[in-house]
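Working notes, beginning with the structure itself.
There are 2 protein chains.
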Amino acid sequence: MNQQTTDLHQLAKSSRNASRILASASSAQKNEALLAMAEALLASQQTVTEANEKDLTYAREQGLSKAMIDRLVLNEKRMQGMATALKEVAALKDPVGEISATQTRPNGIQVARMRIPLGVIAMIYESRPNVTSDAASLCIKAGNAVILRGGKEAFHSNHAIAQALHQGLEKAGLPREAVMVVPTTDRAAISELLTLDECIDLVIPRGGEGLIRFVAEHSRIPVIKHYKGVCHLFVDAGADHDMAIDLIIDGKTSRPGVCNALETVLVHQKEAKAFLPVALEYLRKANVEVRGCPETQNIDPSVTLATEADYEAEYLDLILAIRVVPDMQESIRHIQQYGSDHTEVIVTHDYARAREFVRKVDSSVVLVNASSRFSDGGELGLGTEIGISTTRLHAYGPMGLEALTTQKFVVFGDGQTRHNIPYRT
Amino acid sequence: MNQQTTDLHQLAKSSRNASRILASASSAQKNEALLAMAEALLASQQTVTEANEKDLTYAREQGLSKAMIDRLVLNEKRMQGMATALKEVAALKDPVGEISATQTRPNGIQVARMRIPLGVIAMIYESRPNVTSDAASLCIKAGNAVILRGGKEAFHSNHAIAQALHQGLEKAGLPREAVMVVPTTDRAAISELLTLDECIDLVIPRGGEGLIRFVAEHSRIPVIKHYKGVCHLFVDAGADHDMAIDLIIDGKTSRPGVCNALETVLVHQKEAKAFLPVALEYLRKANVEVRGCPETQNIDPSVTLATEADYEAEYLDLILAIRVVPDMQESIRHIQQYGSDHTEVIVTHDYARAREFVRKVDSSVVLVNASSRFSDGGELGLGTEIGISTTRLHAYGPMGLEALTTQKFVVFGDGQTRHNIPYRT
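From first to last, the protein sequence lines stand for chains A and B. All residue numbers for the first sequence refer to this note's numbering, where the first residue is 3 and numbers rise by one. All residue numbers for the second sequence refer to this note's numbering, where the first residue is 3 and numbers rise by one.
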C-alpha cells in the first residue's frame with residue numbers, strides 16, 4: 003500500500019465516522035451549521051479571492067478558454083450567490099426521520115419505513131468552484147458526510163471554500179470531517195477513491211462525458227450518472243402550432259448550453275406542410291441552425307440535411323435537428339433509439355395520445371404541452387437539485403434532497419416471535 | 003469480439019426489446035401470463051423431472067453434499083410449490099403506473115411521479131432451481147424482462163423450467179424473450195454479462211459471498227447486494243427477561259441457516275447476573291453452543307471464550323456469541339463495528355432508549371421487542387421478497403415488487419414556457 007492509498011483510506015474513514023454524527027444531528031443543528039457556513043464564507047471573502055487568483059493565474063498560463071476562465075472566477079457577486087444558496091438549503095424541509103408506509107401486521111407488529119441519510123457521498127466534479135459549497139450543503143442537510151474532489155483548475159479556490167465551510171460546521175458543534183476535500187487532483191486518486199466501498203456509499207460525478215464514463219467504469223461504489231441530454235419534442239397531429247413554436251423556441255433558445263435544452267423536434271407528417279415553414283421562420287429569427295430530414299428539406303430546401311450523427315447529438319448550441327415522422331409510434335421509436343432517457347415533450351390536443359405518450363416514453367421526465375426546460379429540480383418542486391440521473395437505479399431524473407437519503411424498516415412489537423416458543427405453550 | 007460475446011450481447015438486446023413490450027403490458031395481461039406459466043409448469047412436470055434427473059446424476063457423480071443435492075431436487079411437491087408461488091404473484095398488486103407526489107406548481111404545470119419498471123434485470127444465482135420461476139415471476143409482474151444465469155448444477159432443470167415459462171408467456175401474447183436463460187454456465191459469461199450496461203439495468207446476485215463479491219467487483223451495471231446477516235439482539239437494562247429469552251430462542255433456533263437468524267446477543271451489564279444463567283439454560287436445552295465475553299464466562303465458566311472472529315461470524319448454525327456491554331451506546335458501537343447492516347433488535351421497556359436505538363442503529367431493519375426473524379419481505383407486509391439489500395442505494399432491506407421499479411416524472415401543462423417568448427409579449 004503506498005502513501006496515497008493510506009491517506010485516502012484514512013480520509014474516507016474520517017468521513018464515515020463524521021457521517022455517523024451527522025446522521026443523528028437534529029435539523030436545527032444542521033441548519034445552524036448551514037447558516038454559519040454562509041456567514042463564514044462571506045467573512046472569508048478575501049482569503050477565497052486570493053486563492054481564486056492563484057487558480058486564475060494558472061488557468062491563464064495554461065491558456066484555458068475564456069469560457070473556462072469565466073466559470074472559475076469567484077467575484078463578490080458569486081460569493082454572495084453561494085452564501086444565499088446555503089441559506090436556501092437551510093430553509094428546506096429536512097427529509098431525515100420522515101416515517102411512511104406504516105402498517106400493522108396481523109400478529110400486531112407495527113412496520114414503518116424511516117428515511118435516513120445514505121452515509122458518505124463522494125462528489126467528483128470539474129471546473130466550477132461553487133459546486134464545492136452547493137454539493138456540501140445538500141449532503142449535510144440530508145445528514146451525510148461528503149468527500150469533494152474538484153478539478154485541478156479550481157484546486158486553491160475549492161480548498162479556501164472548504165476552510166470556510168469547516169468554520170461553519172465547527173461553530174455548530176459538527177465535525178469538520180463532514181466535508182473532506184481530496185488533497186490531490188490526479189486521476190489516480192479518483193481510481194483509489196472508487197475502490198473504497200466500505201467507507202463510501204455513493205459517487206456522483208458531475209462534468210463531461212469522459213469523466214463520467216471513467217467514474218462509471220472504475221467504481222466499485224454505486225454511481226449516479228447522467229451522460230447527456232438529447233431531449234425531444236413531438237408535434238402531434240392536430241397540435242396547436244403557436245404553442246408548439248413557443249415550446250420549441252423556449253426549449254432550444256432560452257439556454258442552449260444546458261442538458262434540458264431541446265435537440266430534436268419530431269413533427270407528425272399531417273402537420274409538416276403547414277407547421278414547418280412558420281416554425282423555420284421563427285427559428286431563423288432566433289439564429290437557430292436547422293438540420294432536417296429529407297421531408298423537411300423538401301418543404302424548405304435551404305435546410306441542411308440531417309445525418310445519423312445529428313439525431314445522436316447533444317448540440318448544447320443553437321442547432322436543432324428536425325424530422326418528420328409518419329405517426330406517434332415512430333416518434334416513440336425514434337426517442338427510444340436516439341434519446342438519452344432525459345426529457346421528452348409531446349405537444350398535443352388529443353387526450354388518448356397524451357396518455358399513451360406519457361405511458362410509453364420511458365425517459366426520466368415526460369411532459370405534455372410544457373417546455374423541456376422545466377426538467378429541473380427547482381422547477382419540478384424538489385426545492386433544489388444535486389444532479390440529474392438518467393439511469394434508473396435509486397433515482398431517475400432531477401435529484402433533490404430525498405435522493406440523498408434511503409429508507410430503513412423499523413418495527414415496533416410487544417415480544418412477538420415468528421414461531422411458537424415450545425416451553426411457553 | 004468472440005462468438006460468446008456476440009451471443010450474449012444479442013441475448014441482452016432481445017431482453018431490452020422484450021422489456022419495452024412488458025413495460026406497457028396491462029396488469030391483466032401480465033397476470034394472465036403468470037397463471038399460464040403456473041399451468042404450463044404443472045403440465046411440464048415430466049420434462050422438468052427428466053431434466054432434473056440429469057442434474058442430479060451429475061451432482062452425485064461430482065460427489066456433491068447431501069444438503070446440496072437436496073436443494074437441487076424437483077419433486078412433485080416442489081413443482082406444486084413453484085406453481086402456487088406464481089399464482090400468488092399474480093394476485094399481488096401491480097406497482098406499475100402508480101401515481102404519487104402530485105403537485106401543481108405556481109405556473110400551473112402539474113407535476114407527478116409515475117412508477118415504471120426498471121427494464122432488464124439480470125439474476126445471477128446458485129443451486130436452487132425454484133429461483134428460476136420465482137425471480138422470473140416477480141420481474142414480470144413489475145413489468146421487467148429478466149436474464150437468468152443459474153448455477154451449473156441446475157443447468158438442465160433451469161432450462162426445462164424456462165421452457166414452461168415461455169409457453170405461459172406466449173399463451174398470454176407476451177414475448178418469450180421476457181425470460182432469457184444464459185446458455186452457458188462458465189464464469190466468463192458472467193463477466194461478459196456484467197459489461198452490458200446498455201442493455202441491462204440491474205444485476206441481483208443471490209448466493210455465497212464469493213459469487214456476490216465477484217459480481218460487485220466486475221459489474222459496470224448497478225448491483226443490489228447482500229453479503230451476510232450478522233444480526234444482533236440487545237437486552238436493555240430493565241428488559242423483560244422472559245421476552246428477551248423468547249426472542250433469542252426464536253431468533254437463533256427457529257431456522258439457524260437463514261440470514262435473519264441471530265448471531266450475537268449483547269446484554270446490558272445491569273441485567274447480566276440475573277439474566278444470563280437463565281438464558282444460558284434455555285440455550286443449552288435448545289442445543290445452542292454459546293461463545294461468550296470474559297464477563298459471560300465469569301457468570302458461567304462452562305462457556306467458551308469468544309474471539310474477534312466470533313463477533314464477525316455469520317454462523318448459520320446453532321452457535322451464538324454473547325457479550326456483556328456497559329450501556330446501550332456500547333451496544334450501538336458494537337453493532338456499527340461488527341454488524342452487516344442487516345437486522346438488529348432491542349429488547350427494552352424504556353421509551354427513550356427504544357427511540358434512540360431506532361434512530362441511531364442504521365441497519366436496514368431495526369426492531370423493538372420483536373424477533374429478528376420478522377426481517378423478511380412477507381413478514382414486513384411487502385407481499386413477497388426478491389432479495390435483501392444491505393447496501394443503501396435504491397433499496398435497503400427486504401425487497402418487494404416496488405424495488406423492481408423506479409419512478410419517472412410526468413408533467414401536464416397548457417403550453418407553459420420557462421421564459422417569456424419575446425414575439426408573444
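In this text, a Cβ means the ideal position worked out from N, Cα and C, and glycines have one as well.
- Contact check for B/I223 against B/L196 passes: the beta carbons are separated by less than 8 Å.
- Residue-level contact by beta carbon fails for B/Q64 and chain A, as no gap is shorter than 8 Å.
- Ranked by Cα distance from B/S29, the first of B/R22, B/P97, B/A69 and B/E41 is B/P97.
- Restricting attention to alpha helix (DSSP H) runs no shorter than 4 residues, the region 265-309 of chain A encloses them at 271-287 and 296-301, ordered along the chain.
- As DSSP reads the structure, B/H336 sits in no beta bridge.
- Under the criterion of beta carbons closer than 8 Å, B/E194 and B/L10 qualify as touching, at roughly 5 Å.
- Rounded to the nearest angstrom, the Cβ distance from A/P258 to A/L318 is 6 Å, consistent with a contact under 8 Å.
- Here DSSP, grouped into helix, strand and coil, assigns B/Y317 to coil.
- Taking a C-beta distance under 8 Å as the contact criterion, A/L235 and A/I251 do not qualify as a contact pair.
- By alpha-carbon distance to A/E291, the top candidate from A/L278, A/E297, A/I301 and A/V305 is A/V305.
- Uninterrupted alpha helix (DSSP H) stretches at least 4 residues long and entirely within the region 96-146 of chain A occur at 132-143, given in chain order.
- Beta-bridge annotation (DSSP): B/P207 is paired with B/I126.
- In this structure B/I324 is buried. Its beta-carbon is surrounded by 16 or more other beta-carbon atoms within 10 angstroms.
- For A/R420, at least one C-beta of chain B is nearer than 8 Å to its own C-beta.
- Nearest CB-CB separation between B/D252 and chain A: below the 8 Å threshold.
- Note on B/T419: 16 or more other CB atoms within 10 angstroms of its CB, so buried under the neighbour-count rule.
- B/H270 is outside the set of residues whose beta carbon lies under 8 Å from a beta carbon in chain A.
- If you draw a straight line from the Cα of A/A311 to the Cα of A/M125, it is about 31 Å long.
- When Cβ-Cβ separations below 8 Å define contact, B/H336 makes no contact with chain A.
- Near chain B, meaning a CB-to-CB distance below 7 Å, the residues of the region 195-225 of chain A are D203, L204, A218, E219, R222 and P224.
- Chain order gives the chain A residues near B/M245 as G417, where near means a beta carbon separation below 7 Å.
- Around the Cβ of A/H421, a 10 Å sphere holds fewer than 16 other Cβ atoms; the residue is exposed.
- Spanning the alpha carbons of B/F414 and A/S366 requires a straight line of approximately 14 Å.
- Sequence-distant Cβ neighbours of B/A40 in its own chain, meaning closer than 6 Å and more than five residues away, are A85, L88 and K89.
- The region 68-86 of chain B and the region 182-191 of chain B do not touch, with fewer than 3 CB-CB distances between them shorter than 8 Å.
- The three-state reading of DSSP puts B/E346 in strand, counting E and B together.
- Residues of chain A whose Cβ lies closer than 7 Å to the Cβ of B/V412 are, in chain order, V360 and V368.
- A/K95 counts as exposed, since fewer than 16 other beta carbons sit within 10 angstroms of its beta carbon.
- Note that the C-beta distance between B/G417 and A/N371 is below 8 Å.
- Per the Cβ contact rule, the region 126-133 of chain A is in contact with the region 147-166 of chain A (3 or more Cβ pairs under 8 Å).
- Per DSSP, B/S366 lies in no alpha helix (DSSP H) and is assigned neither H nor E.
- Judged by DSSP in its simplified three-state form, A/R222 adopts coil rather than helix or strand.
- Fully contained in the region 138-203 of chain B are the following beta strand (DSSP E) runs of length 3 or more, in chain order: 147-151 and 181-183.
- In terms of Cβ geometry, B/T408 and A/R394 form a close pair [threshold 8 Å].
- Interface residue (Cβ-Cβ distance to chain A less than 8 Å): B/S28 is not classified as such.
- Chain B has no Cβ within less than 8 Å of the Cβ of A/G231.
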